[in-house]
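Numbering (this note's numbering), first residue to last: 52 to 152.
Glycine residues also receive a C-beta, built at the ideal position from the N, C-alpha and C atoms.
Comments concern the structure below.
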């Protein structure tokens with residue numbers, strides 16, 4: 052069953068079990084951080100991808116990430132189904148280190 056959250060602009064974004072399993076297979080360090088990924092959508096900073104205008108990246112600093120990482124990144128594809136219903140879903144998520152400015 053997909054989990055759905057709203058970002059700060061009110062867009063509903065969902066995460067399916069299939070996508071979460073894919074994320075954990077490709078980025079094993081993400082295991083145990085599902086709630087932080089969803090919080091990143093709800094509270095993180097959002098940036099539009101410069102190459103794919105239907106893709107947005109959400110960033111949020113999270114304490115106690117492994118391997119010296121500091122930030123969770125969630126990648127979301129925005130779309131519409133017939134009838135103009137939003138179809139926004141998390142494609143992947145991963146951790147990075149970002150220095151504070």
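Can you check whether the CB of residue j is closer than 8 Å to the CB of residue i?
i, j, result
"residue 145", "residue 113", "no"
"residue 65", "residue 148", "no"
"residue 70", "residue 95", "no"
"residue 80", "residue 118", "yes"
For residue i, is the classification buried or exposed, using 16 other Cβ atoms within 10 angstroms of its Cβ as the cut-off for buried?
i, result
"residue 52", "exposed"
"residue 88", "buried"
"residue 98", "exposed"
"residue 158", "Residue 158 lies beyond the stretch modelled for the chain, which goes from 52 to 152, so this question has no answer here."
"residue 91", "buried"
If we ignore side chains and look at the alpha-carbon of each, how far apart do residue i and residue j end up?
i, j, result
"residue 75", "residue 116", "15 Å"
"residue 54", "residue 121", "24 Å"
"residue 60", "residue 143", "20 Å"
"residue 82", "residue 72", "9 Å"
"residue 136", "residue 56", "16 Å"
Looking only at its chain, what residues have a beta carbon closer than 6 Å to the beta carbon of residue i, apart from the 5 residues adjacent to it on each side?
i, result
"residue 150", "none"
"residue 67", "53"
"residue 109", "91, 92, 95, 97 and 125"
Output needed for residue i: all residues of its chain with C-beta closer than 7 Å, excluding positions within five of it in sequence on either side, in chain order.
i, result
"residue 138", "130, 131 and 132"
"residue 84", "123"
Excluding sequence positions up to five away, which residues of its chain have a Cβ less than 8 Å from the Cβ of residue i?
i, result
"residue 78", "143, 144, 145 and 146"
Legend entry - Three or more C-beta pairs below 8 Å linking the region 122 to 130 and the region 87 to 106: yes
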